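Input: a single structure, listed below in structure tokens.
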Amino acid sequence: MPIIEVHMFEGRTVDQKRKLVAEMTDAVVKSIGVKPEDVRIILQDMARYDYSIAGKLAIDR
33 MPIIEVHMFE GRTVDQKRKL VAEMTDAVVK SIGVKPEDVR IILQDMARYD YSIAGKLAID
93 R
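No gaps in the numbering here: position 26 of the sequence shown is 58 in this note's numbering, and each next residue is one more.
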């Protein structure tokens, strides 16, 4: 059973997340041959002040 974690900045709509998990599930099914019901995806929204890139908070970039 594949378990996929996706960390992304907050602000996506529920519809965007629905599309993302549907397309990711399809990709996993096609690439490794598991059934869709065996794919698990965890979506984690992050605030831009909780993530840094090159020593700067993402909110400051």
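We treat Cβ as the ideally placed atom computed from N, Cα and C, and that holds for glycine. Being a predicted model, the structure only gives us computed values, none of them experimental.
Contacts around residue i, its chain only, beta-carbon distance under 7 Å, and the 5 residues preceding and following it disregarded
i: residue 79; result: 42
Short Cβ contact (7 Å threshold) for residue i with residue j
i: residue 73; j: residue 36; result: yes
i: residue 57; j: residue 71; result: yes
i: residue 81; j: residue 89; result: yes
Supposed close pair residue i, residue j - CB separation, criterion 8 Å
i: residue 77; j: residue 40; result: 7 Å
Cβ neighbours of residue i in the same chain (closer than 8 Å, five flanking residues each side left out)
i: residue 44; result: 52, 77
i: residue 49; result: 75
i: residue 34; result: 60, 64, 66, 70, 71, 72
i: residue 85; result: 93
DSSP beta-bridge partners of residue i
i: residue 37; result: 74
i: residue 64; result: DSSP, once it has assigned bridges, lists no residue as partnering residue 64.
Contacting residues, own chain, Cβ-Cβ under 6 Å from residue i (five flanking each side not counted)
i: residue 83; result: 90
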